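Input: a single structure, listed below in structure tokens.
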Amino acid sequence: MSHDHSLNPETMPQEPEKATLEGRNKFYGLWFFLGGETVLFASFFGTYIALRNSTAGGPASTDLFGLGLVFAMTMILLTSSLTSVYAMYHMKNNDFKKMQLWLAITAFLGLSFLALEIYEFTHYIIDYGFTFRSSAFGSAFYTLVGFHGGHVTFGIAWLMALMVRNAKRGLNLYNAPKFYTFSLYWHFIDVVWVFIFTVVYLMGRVG
Amino acid sequence: MSIAATQKRGFGAFLWDYITTVDHKKIAHLYLFGGGFFFLLGGLEAMIIRIQLATPENDFISAGLYNEMITMHGTTMIFLAAMPLLLGLMNAVMPLQIGARDVAFPFLNSLGFWLFMFGGILLNFSWFMGGGAPDAGWTAYAPLSTQSPGHGVDFYVLGLQISGAGTLMGGINFLATIVTMRAPGMTYMRMPLFSWATFITSVLILFAFPALTVGLFLLMFDRMFGSAFFDVALGGNTIIWQHLFWIFAHPEVYILILPVFGVFSDITATLSKKRLFGYTAMVFATILIAFLGFMVWAHHMFTVGLGPVANSIFAIATMAIAVPTGIKIFNWLATMWGGSITINSAMLWTLGFIPSFTIGGMTGIMLASAVADYQYHDTYFVVAHFHYVIVGGTVFGIMAALHFWWPKMFGRILHEGMGKLTFWLFFVGFHLTFFVQHFLGLMGMPRRYWVFLEDQGLDTGNMVSTIGAFLMAVGVVIFLINVFYTWAKGNKAPADPWDGRSLEWAISSPPPYYNFKQTPLVRGLDPLWVEKMEGKGEITPAEPLGDIHMPNSSILPFLISLGFTIAGFGFIFQVDHSAYLILVFAGIGLALLSMLIRSLKDDHGYHIKKEELEREAD
Ligand SMILES: [Cu+2]
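Protein sequence lines correspond, in order, to chains G and R. According to our numbering, the residues represented by the first sequence are 1 to 207, in order. According to our numbering, the residues represented by the second sequence are 208 to 825, in order.
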């Protein structure tokens, strides 16, 4: 409702994401959703931990994982979380241009992460013949890391849709909660990756 | 608006209205209709099972069809009947009880329903295509489920995945609604017990369903894409399925029972004309049951061989749940004690519930003993136990709630005579059917067997059980007649037929589509009763009359669900021919496109103008 001035204040309130009932609903709704997502990933982690040594004679984690690439991916994703925090900072100051800029950087970092992940997977498949069907370890690895990658992909698509849709009209109290809930989701994806880095790659080096 | 609403409309417009509705009261009707339909289907399957088991070595149906029958009976009753009926009641009642005009996410609410409905329909298509229905039991243990030929289990996986996603959305929606949309003065500790139960049940849904989602994904990948989670030859481990399944399915039984605990609490207080005894204890018992419910899943796996330490821990945790449950039983009894009790259909179901559920709870304690469970495991003793809690608890609760809130939901009162007849037939039939099964189980009759032999002491018990099942069926048929009779010429319901205590009885039956003309001000526990005691009889408004904001209807939830269902068929049949992948892409494309439209198109809803509300008052 562009004619509704209550949604277009001169200065943003303290917490624009929670200034309207719709905003509060989105805020709490997304937090609850992340609670469910936590159980989802916990179940994938549990499955992975149970099967991580079930290589059935195929490649094992100690043969496959090198830390260099994964460390770069970790840094990229952590940085993208930071840039999304900057974007939210500018959102609260009602500075739409700067928010879009930092969100664009976030999206770029997310895409870089995805590119490296795709490279990593092809490397395992082509150089080691390690696939989704090689062993229970293979199934568990690609499922856990792949679901995370799928979440990153969805997050980037979500962010792009938000940025393009609102590019012309700027920030208001109707779309501020949308940007904010995206940033929450993005932090969650980042936290999951930290666990993947630890459980899959660091523990995988030790065998 | 009001004029348009009262005009006679064609059936097409009526259908379109329900397909696109985002009104929680209409979504409740849809849930009750869908859940009721699947309840009849699951009941039919139960009757076929009981006919097969009426006499020894019967061959009413083949062994293979029998396996499909027991699988579909369990799956249908749990996922497609009991849960949606409860979600329907929650949708109908909870927003009214907390004084809200709608739920937090009306769009998501509609999406949740359509995902459930399409998932259920997809699952039942397995009867007609792909070589038969799923036949690996409702628990679908690997490797039985990974090895099951045909597409039956594929339908199970996709059907439950789609309907499960819908349930998860319903849970998130209720949680956000209760957190953000309670009326002024409606503090958490003033919420009616049914709203509390909705809240805690939603927490259970939120944390339990994702485990099923993951289990179903693993099973789907193993069956359709050649992964090796449950393939022991490639290092897989079948026990993972059991863990994931029961991490979901034990909380699931509390998802089925906690809402009806709420129902019975509200009914007992209202129809005894007394404030609920031990309100605070009731709330904390609900929370404690939910919490403990997540710690006991391995009591379904005592015979797997997890070892004495694990078995002992899970046995003790399981027995501990009897404590908060016992608190509830005694609080209901204490609420009735000295009350002025109205014995109507709703109260009869409540009175029938207490001893029936207590018997189920006692056999639960017996089963919790890990050593004894080696004898009970996979016998009819277990079948008797869970039917005592799920039928004696959940089904009794749903029936009580339907008789209690029918006037509020549909504006007419169910016929009392038929209501009482339904209760007595069902109550007697229920105990005939399942009480004897305890002894059949103790005598060694295994569950899920197609036939039993003659002269092993099982003949009479099974015949009695089948006769009981027919009595229950007659009870259900009379209830259906009652529904049609009431629809055609039942008595119009007043706003407050039971001398109610909570907010839903403060507005007309059925409520206007915006629920409360003015948001109510809640001044204590049992807010309507508080006002009655002060001689006012109506709720104090918390705001002056003003414009009311309403959400817009949308066809998109239907389209999103349709898209995922088309993709579901594609996933199932792409194993036979890769051309079916087209369905996968088309279906997911439709779903994603609809979601994108939802995201990009601003939807601010509309306002009902103050003047219009004033006109309606005249
Ligand atoms: Cu259990």
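C-beta atoms are modelled at their ideal positions from N, C-alpha and C, and glycine is treated no differently. Bear in mind that the values here come from a model prediction, so they are computed numbers and not experimental data.
- The beta carbon of residue 18(G) lies closer than 7 Å to those of 24, 27 in the same chain, with the five residues before and after it left out.
- Measuring C-alpha to C-alpha distances from residue 288(R) to each of 362(R), 606(R), 334(R), 737(R) identifies 606(R) as the nearest.
- The beta carbons of residue 729(R) and residue 392(R) sit about 3 Å from each other, so the pair counts as a contact at 8 Å.
- Closer than 9 Å to the CB of residue 158(G) there is at least one CB belonging to chain R.
- According to DSSP, residue 698(R) shares a beta bridge with 620(R).
- Just so you know, the alpha carbons of residue 272(R) and residue 696(R) end up roughly 42 Å apart.
- Inter-residue distance for residue 227(R) and residue 144(G) is about 37 Å (C-alpha atoms, whole angstroms).
- Assignment of residue 727(R) by DSSP, reduced to helix, strand and coil, places it in the strand class.
- Comparing alpha carbon positions, the residue from 684(R), 442(R), 224(R) closest to residue 49(G) is 442(R).
- Within the DSSP secondary-structure output, residue 748(R) pairs in a beta bridge with 727(R).
- Neighbours of residue 40(G) in chain R, taken as residues whose beta carbon is under 7 Å from its own, are 417, 420, 421 in chain order.
- When 328(R), 362(R), 394(R) are compared, the shortest CA-CA separation from residue 244(R) is found for 328(R).
- Out of 637(R), 688(R), 811(R), 716(R), the CA that lies nearest to the CA of residue 254(R) is found in 637(R).
- Among the residues facing chain G, residue 388(R) is included, as its CB has a counterpart in that chain under 9 Å away.
- Excluding its 5 nearest sequence neighbours in each direction, residue 772(R) has C-beta neighbours in its own chain below 8 Å: 325, 326, 328, 329, 369, 794, listed in chain order.
- Exposed is the label assigned to residue 170(G), since fewer than 16 other Cβ atoms lie within 10 Å of its Cβ.
- With contacts defined as CB atoms closer than 9 Å, residue 776(R) and residue 797(R) fail to qualify as a contacting pair.
- If the five residues before and after residue 279(R) are omitted, its C-beta is found closer than 6 Å to the C-beta atoms of 252, 340, all from its own chain and listed in chain order.
- In this chain, the alpha helix (DSSP H) harbouring residue 461(R) covers 446-479.
- With a threshold of 8 Å, the Cβ atom of residue 346(R) does not count as near ligand 1, since no heavy atom of the ligand is closer than that.
- Within the same chain, and ignoring the five residues on either side of residue 465(R) in sequence, the residues whose Cβ sits closer than 8 Å to its Cβ are 404, 407, 408, 411, 493, 496, 497.
- Scanning its chain for C-beta atoms nearer than 7 Å, with the 5 sequence neighbours on each side dropped, one finds around residue 149(G) the residues 114, 117, in chain order.
- What residue 438(R) touches in chain G, judged by beta-carbon distance under 8 Å, is 136, going in chain order.
- By the neighbour-count definition (other C-beta atoms within 10 Å, threshold 16), residue 353(R) is a buried residue.
- Fewer than three pairs of CB atoms, one per stretch, sit closer than 8 Å, so the segment 522-538 of chain R makes no contact with the segment 581-593 of chain R.
- Contact with chain G is absent for residue 234(R), since none of that chain's Cβ atoms lies less than 9 Å from the residue's Cβ.
- The Cβ atoms of residue 547(R) and residue 480(R) sit closer than 9 Å to each other.
- DSSP links residue 755(R) through a beta bridge to 815(R).
- It is roughly 47 Å from the alpha-carbon of residue 301(R) to the alpha-carbon of residue 133(G).
- DSSP, read as helix, strand or coil, puts residue 586(R) in strand.
- Counting along the chain, residue 395(R) sits inside no alpha helix (DSSP H), nor does DSSP assign it H or E at all.
- Counting only the Cα atoms, residue 237(R) lies some 8 Å from residue 320(R).
- Under the Cβ distance rule, residue 380(R) counts among the residues neighbouring chain G, one pair being separated by less than 9 Å.
- In the three-state scheme derived from DSSP, where H, G and I count as helix and E and B as strand, residue 719(R) is classed as coil.
- Contacts with chain R at 9 Å (Cβ-Cβ) include residue 161(G).
- Think of a sphere of 9 Å around the beta carbon of residue 434(R): the chain G residues whose beta carbon falls inside it are 132, 133, 136, 138, 139, 140, 142, 143, in chain order.
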